[in-house]
Structure formats: structure tokens, C-alpha cells
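**Q** Residue numbering for the sequence shown follows the numbering used here, starting at 165 and increasing by one per position.
Glycine included, each C-beta is placed from N, C-alpha and C at the ideal position.
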Amino acid sequence: SLASVMSQFDEDVEVVDLEEEDQANLALSVDEITGEEAPVVKLVNSLMADAIRKGASDIHIEPYEKTLRVRFRIDGELYEMMSPPYRMKMSMISRLKIMAELDIAERRVPQDGRIKIRMFNKTIDLRVSSLPTIFGEKIVMRILDKSNLNVDLTKAGFQQAALDNLINAIEQPYGMVLVTGPTGSGKTTTLYSAISRINTMGVNIMTAEDPVEYNIDGINQVNVNEEVGLTFASALRSFLRQDPNIIMVGEIRDLETGSIAVKAALTGHLVLSTLHTNDAPSTLNRMVDMGLEPFLVASSVNAIMAQRLIRRICNNCKEEREVSEEALSQLNLSEHHISELKVFKGNGCVECSNTGYRGRTGVFEVMPITARIREQILNRAPTSEIKTTAIEEGMLTLRAHGLMKINEGITSVEEVLKETAQDD
165 SLASVMSQFD EDVEVVDLEE EDQANLALSV DEITGEEAPV VKLVNSLMAD AIRKGASDIH
225 IEPYEKTLRV RFRIDGELYE MMSPPYRMKM SMISRLKIMA ELDIAERRVP QDGRIKIRMF
285 NKTIDLRVSS LPTIFGEKIV MRILDKSNLN VDLTKAGFQQ AALDNLINAI EQPYGMVLVT
345 GPTGSGKTTT LYSAISRINT MGVNIMTAED PVEYNIDGIN QVNVNEEVGL TFASALRSFL
405 RQDPNIIMVG EIRDLETGSI AVKAALTGHL VLSTLHTNDA PSTLNRMVDM GLEPFLVASS
465 VNAIMAQRLI RRICNNCKEE REVSEEALSQ LNLSEHHISE LKVFKGNGCV ECSNTGYRGR
525 TGVFEVMPIT ARIREQILNR APTSEIKTTA IEEGMLTLRA HGLMKINEGI TSVEEVLKET
585 AQDD
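Following this line, the structure appears as C-alpha cells:
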């Protein structure tokens, strides 16, 4: 409830990096607060503290006709946290807009801003987005807590052979390494991890991101800004004049970005980027469909990796379970595999807020571009053939890696079915 959250967190929230004028505005809203406003400041602070303590990635503040709803996204799922008094709607939203340096008088158009706060002895960035809905502005805050950022590839949950293939691909002096998956599947974190691994004194690393989520020492990071014409493609062009060794592009969205990235990979640079495809093999044909020549794709790409994030079963309330018939039929396993399958589930406890899950791990499909696969790209082979070859050459698919994690008791059947597709 609201009262319990507020009593728990009398956190000192210090807002960092605000313009002086806004600082004055804020001082007004902190020091000279009328009895009506004081709870708002406390509520907003305690909301942030609660979200950070629970490890949430996003805070949603949603106005409806007669209610105000607050939800946190934890481990990829949204949970309702509280329903503050409806009369606090305007003051709560205004308070957040002041903190994020947004125009509080403008309620008709979406706005974006940032809040930088010090809490729990660390600095945390929040990306704030406001959107006018029919009942008022909805605010979503993405929490960027650098202390939660794991940039160690060996701790991401890879199967050893897949990790070796990925490391081999990023340690080449040139070529392209692509990471693919839907939004929120951890692609950016993987790219940061890859770059951190090869970030040494002797290389010049340039990144174009939309937007930069975490700043990493020793890397030149550029915020893409389409409004002023700084696109992924134009940033890439400029990078090539900056004597780079390694280039990271947030996403290959179009043919223009794709062709400059391929050209860079073929002229002695290591290029890392992401695409939105379902699995590793289909990425090759997506690039050709974009308009890139098969011979360019075949000669530039070192490896492609698809990934998903799945929830880990809470270790505190984990126990072995029988597998349901329905789940087995969906998993589509042979009799032999079924007899060997061990399945666990979390019962729900205080530690995991009764969800049965705590934290997330990755499932990965790493496909090195071998001589056989290069040949298939040149012959415009269908995705299914490329996938068959990759599996024959030892690639573990997303589903296969998920099954390994079920067997190891790391995750549940439901999570793997939800996040990975069946292998034909």
C-alpha cells in the first residue's frame, strides 16, 4: 500500500545535474512546500527508491478515468505496485516533469527527458517519457542503474562452445558481428559486454547509439539525433574518417546503414550491430532482402547471435515437479529426451515476491559464418537450409539452449515455451 511504501523509504534523493533555473524550481518544490505538496515529493522519491530496490527496469504511472495506477517492470513482467490517491495525479506528474526538465505547461504533445539522481550511494539515470492519453499524461521512466549492468560475457549464461565462437568472432581484426532479437532481449548489454572485452589502450572504439544508455570509459559514444540529421548512417560515415578500429552501430535499420557497415567491415574494421530477426540463420536473408549483395554479406559477416532473456527460478523456493502432458507436447521431445528431462518450478516466497522467479538469464544461439554457410549465402539458399547446416556444424538453437537450462533447474518449461520458437 501507499502508506507502507512511503514509511519504508524516507530516502534522501538528490537530483544531480539540473540547470540552475530548474534547480530553483525544484528548491521551491522541496523547501517551500505547502502541506498539500509535501506528500508528493515524498511519494515520488519513495516510488523511485522502491523501484530501484526491487531491481525494476521501468516505472509506469498511468492515469485512468477515476484512478491512478503505478506499475513496475521487474524481470520483463509488469506488476501493479500501488494506486496513489487520484487527487495527486497532477502534482505527481508535474513533479516528475520538473525533475526531468520537461515543459510542465505543455500537455498536448509527448516529451522526453532525463533525471539523474543519487540514491543508495550511487548515481542512477532515469529516461523519462511523457505521453498525452485521454485521461492525462502517462509517464514511463526507464531506470539505467550502472551497478546492475553485467558486462562480463562469461557471466551471461552462455554454453561454453557458443561463448568460444562469439569471443573468436569479436577478437578478429575486422568483419561484422550481429546480435539479433526483439526489443528488451538484452542486445545492447551484449554489445557493451563484447566491446568491454576488446576495449584496450591500443584500439579506437566508436559507437552510434539511439540513445546512449550507459557510458563506458575509453569508448567514444555518439547519440544519434535524427532531428538534426545525425542518423546511424551519417554517424557511421563520420566514424570512418576518425581512424577507428572498432565500430558499434545501435541498429541496422535500412540499406544505407547496412551498406556502410558492410563496407567498413570489409575495409579492415570490426563492426558490431543489432537487427530485429527471430533467429540467427534468418538474419542473413534479411540482409539480402534489404538490398545488400549476397557476396558482400558472405564476405563481411563473422558471426550472428540470436538471444532472449528468460526468468530464473527463485533458488529459495525451487522444487522438482512433474512435467504436464501439455507442456511436453508443446516441447515436441522424443521419448528418450522426455525420460531424461528434469523439471523445476518456484513455489513463490518472500524473496521473489511470490512470483517463483528471481532475476533473468540469457539463452543464446551463436552461428559462426563457416565456409559451408558462405557458400549457401552466395547461392541464396533458403533460411531453413542454412539453419540445418549450422546445427550440423554444432550450433545450439535458442530452444535447445532453453531445454538445457530447464534440465539444469535454472528456468521453467513455461519460460522457454514463451520465449523460444520450436525448431522445425
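Compute the distance between the beta-carbons of residue 416 and residue 437, then report whether it is under 8 Å.
**A** Indexing the sequence shown from 1 puts residue 416 at position 252. Indexing the sequence shown from 1 puts residue 437 at position 273. Contact flag set, yes.
**Q** When DSSP labels each residue in this structure, what does residue 338 get in the three-state scheme?
**A** In the sequence shown, residue 338 corresponds to position 174, counting from 1. It is coil, neither helix nor strand.
**Q** Are the beta-carbon atoms of residue 550 and residue 537 separated by less than 8 Å?
**A** For this step, residue 550 is matched to residue 386 along the sequence shown. For this step, residue 537 is matched to residue 373 along the sequence shown. Contact: yes.
**Q** Please list, in chain order, all residues of the same chain as residue 234 whose beta carbon is under 8 Å from its beta carbon, the five residues on each side excluded.
**A** By one-based count along the sequence shown, residue 234 stands at place 70. Contacts found: 211, 223, 224, 225, 226, 244, 245, 246, 247, 248.
**Q** Since residue 394 sits in a beta bridge, which residues does DSSP pair it with?
**A** For the purposes of this step, residue 394 is taken as residue 230 along the sequence shown, with counting starting at 1. Residue 394 pairs with 389.
**Q** What does the alpha-carbon distance come out to for the pair residue 196 and residue 255?
**A** Within the sequence shown, the letter at position 32 stands for residue 196. Within the sequence shown, the letter at position 91 stands for residue 255. Low per-residue confidence applies at residue 196: pLDDT is 40, beneath 50, and the placement is therefore not dependable, though the value from the model is reported in the following sentence. So the alpha carbons of these two residues sit roughly 15 Å apart.
**Q** For residue 505 and residue 571, which I take to be in contact (beta-carbon distance under 8 Å), what is that distance rounded to the nearest angstrom?
**A** Taking the sequence shown and counting its residues from 1, one reaches residue 505 at position 341. Taking the sequence shown and counting its residues from 1, one reaches residue 571 at position 407. About 6 Å separates the two Cβ atoms, so the contact holds.
**Q** Report the residue ranges of all alpha helix (DSSP H) runs contained in full by the region 289 to 341; include only those spanning at least 4 residues, in chain order.
**A** Listed in chain order, they are 324 to 334.
**Q** Could you give the distance in angstroms between the alpha-carbon of residue 189 and the alpha-carbon of residue 239?
**A** The count along the sequence shown starts at 1 and reaches residue 189 at position 25. The count along the sequence shown starts at 1 and reaches residue 239 at position 75. Since pLDDT at residue 189 reaches only 48, below the 50 mark, its modelled position is unreliable, and the value read off the structure follows with that caveat. Approximately 35 Å between the Cα atoms of the pair.
**Q** At a threshold of 7 Å, does residue 205 count as lining the ligand PLP (C-beta to nearest heavy atom)?
**A** The model depicted lacks the ligand PLP and carries no ligand whatsoever.
**Q** Since residue 426 is in the alpha helix (DSSP H), which residue starts that stretch and which ends it?
**A** Indexing the sequence shown from 1 puts residue 426 at position 262. Start and end: 419 to 430.
**Q** Am I right that residue 288 and residue 264 are in contact with their C-beta atoms under 8 Å? What's the rounded C-beta distance?
**A** Your numbering for residue 288 matches position 124 in the sequence shown. Your numbering for residue 264 matches position 100 in the sequence shown. At roughly 13 Å, the Cβ-Cβ gap does not stay under 8 Å, so residue 288 and residue 264 are not in contact.
**Q** Please go through the same chain and pick out, in chain order, the residues whose beta-carbon is closer than 7 Å to the beta-carbon of residue 519, but skip the five residues on each side of it.
**A** Stepping through the sequence shown from its first residue, residue 519 is reached at position 355. Once the five neighbours on either side are set aside, the close Cβ partners of residue 519 are 512.
**Q** Tell me, please, which residues DSSP counts as bridged to residue 434.
**A** Against the sequence shown, residue 434 aligns to sequence position 270. In the DSSP output, where bridge partners are listed per residue, residue 434 has 339, 410.
**Q** So the candidates are 563, 325, 568, 574; which of them puts its Cα closest to the Cα of residue 582?
**A** Counting from one through the sequence shown, the residue named residue 582 turns up at place 418. Among 563, 325, 568, 574, the Cα nearest to that of residue 582 is on 563.
**Q** DSSP on residue 227, reduced to helix/strand/coil?
**A** Translated into positions along the sequence shown, residue 227 becomes position 63. Note: residue 227 maps to strand in three-state DSSP.
**Q** Work out the CA separation of residue 357 and residue 315 for me, nearest whole Å.
**A** Residue 315 sits at position 151 when you count from the first residue of the sequence shown. Residue 357 sits at position 193 when you count from the first residue of the sequence shown. Answer to the nearest angstrom: the Cα atoms are 4 Å apart.
**Q** Report the residue from 330, 269, 348 whose alpha carbon sits nearest the alpha carbon of residue 340.
**A** Against the sequence shown, residue 340 aligns to sequence position 176. Measuring from the Cα of residue 340, the nearest candidate turns out to be 330.
**Q** With respect to the alpha helix (DSSP H) encompassing residue 445, which residues constitute its N-terminal and C-terminal limits?
**A** As a first step, residue 445 is located in the sequence shown; it is residue number 281 there, counting from the start. Residue 445 -> alpha helix (DSSP H) spans 444 to 454.
**Q** Specify the secondary structure class of residue 471 as computed by DSSP and reduced to three states.
**A** Here residue 471 corresponds to residue number 307 of the sequence shown, with the count starting at 1. Correct three-state label for residue 471: strand.
**Q** Going by DSSP in three states, residue 257 sits in which element: helix, strand or coil?
**A** Looking up residue 257 in the sequence shown gives position 93. Three-state result, residue 257: helix.
**Q** What does the alpha-carbon distance come out to for the pair residue 470 and residue 529?
**A** Taking the first residue of the sequence shown as position 1, residue 470 is located at position 306. Taking the first residue of the sequence shown as position 1, residue 529 is located at position 365. C-alpha separation (whole angstroms): 5 Å.
**Q** From residue 482 to residue 369, what distance separates their C-alpha atoms?
**A** Residue mapping note: residue 482 aligns to position 318 of the sequence shown, counting from 1. Residue mapping note: residue 369 aligns to position 205 of the sequence shown, counting from 1. Roughly 43 Å between the two C-alpha positions.
**Q** How is residue 350 classed by DSSP in three states: helix, strand or coil?
**A** Counted from its first residue, the sequence shown places residue 350 at position 186. Residue 350 falls in the coil class under three-state DSSP.
**Q** Please list the terminal residues of the continuous beta strand (DSSP E) segment that includes residue 242.
**A** Position 78 of the sequence shown, counted from the first residue, corresponds to residue 242. Start and end: 241 to 246.
**Q** How many angstroms separate the CA atom of residue 394 from the CA atom of residue 388?
**A** Mapped onto the sequence shown, residue 394 falls at position 230. Mapped onto the sequence shown, residue 388 falls at position 224. The straight-line gap from Cα to Cα measures roughly 6 Å.
**Q** Take residue 286 and list the residues in its own chain whose beta-carbon comes closer than 6 Å to its own, dropping the five residues that flank it on each side.
**A** As a working mapping, residue 286 is identified with position 122 in the sequence shown. The residues are 311.
**Q** Assuming residue 536 is part of the alpha helix (DSSP H), what are its boundary residues?
**A** As a working mapping, residue 536 is identified with position 372 in the sequence shown. 535 to 542 is the extent of the alpha helix (DSSP H) around residue 536.
**Q** On the three-state DSSP scale, how would you describe residue 546?
**A** Residue numbering aside, residue 546 sits at position 382 when the sequence shown is read from its first letter. Here residue 546 sits in coil by DSSP.
**Q** Assign residue 373 to one of three DSSP states: helix, strand, or coil.
**A** Residue mapping note: residue 373 aligns to position 209 of the sequence shown, counting from 1. Strand.
**Q** Would you call residue 337 buried or exposed, if buried means 16 or more other Cβ atoms sit within 10 Å of its Cβ?
**A** Taking the first residue of the sequence shown as position 1, residue 337 is located at position 173. Burial call: exposed.
**Q** What residues in its chain sit with their C-beta under 6 Å from that of residue 587, if we drop five residues either side in the sequence?
**A** Here residue 587 refers to the residue found at position 423 when the sequence shown is read from its first residue. Counting only Cβ-Cβ distances below 6 Å, and skipping sequence neighbours, we find 561, 563.
**Q** Would you tell me roughly how many angstroms separate the C-alpha atoms of residue 282 and residue 214, rounded to the nearest one?
**A** On the sequence shown, residue 282 is found 118 positions in, with the first residue counted as 1. On the sequence shown, residue 214 is found 50 positions in, with the first residue counted as 1. For residue 282 and residue 214, the distance between alpha carbons rounds to 14 Å.
**Q** Return helix, strand or coil for residue 457, following the three-state DSSP convention.
**A** Here residue 457 is taken as the residue at index 293 of the sequence shown, counted from 1. Correct three-state label for residue 457: coil.
**Q** So, for residue 323: in the same chain, excluding its five sequence neighbours on each side, which residues have a beta-carbon less than 8 Å away from its beta-carbon?
**A** As a first step, residue 323 must be located in the sequence shown, where it is residue number 159. Closer than 8 Å at the Cβ level, and outside the excluded window around residue 323, lie 528, 560, 565, 568.
**Q** Tell me, please, which residues DSSP counts as bridged to residue 403.
**A** Sequence index remark: in the sequence shown, residue 403 carries index 239 (1-based). Looking at the DSSP assignment, residue 403 forms no beta bridge with any residue, so it has no partner.
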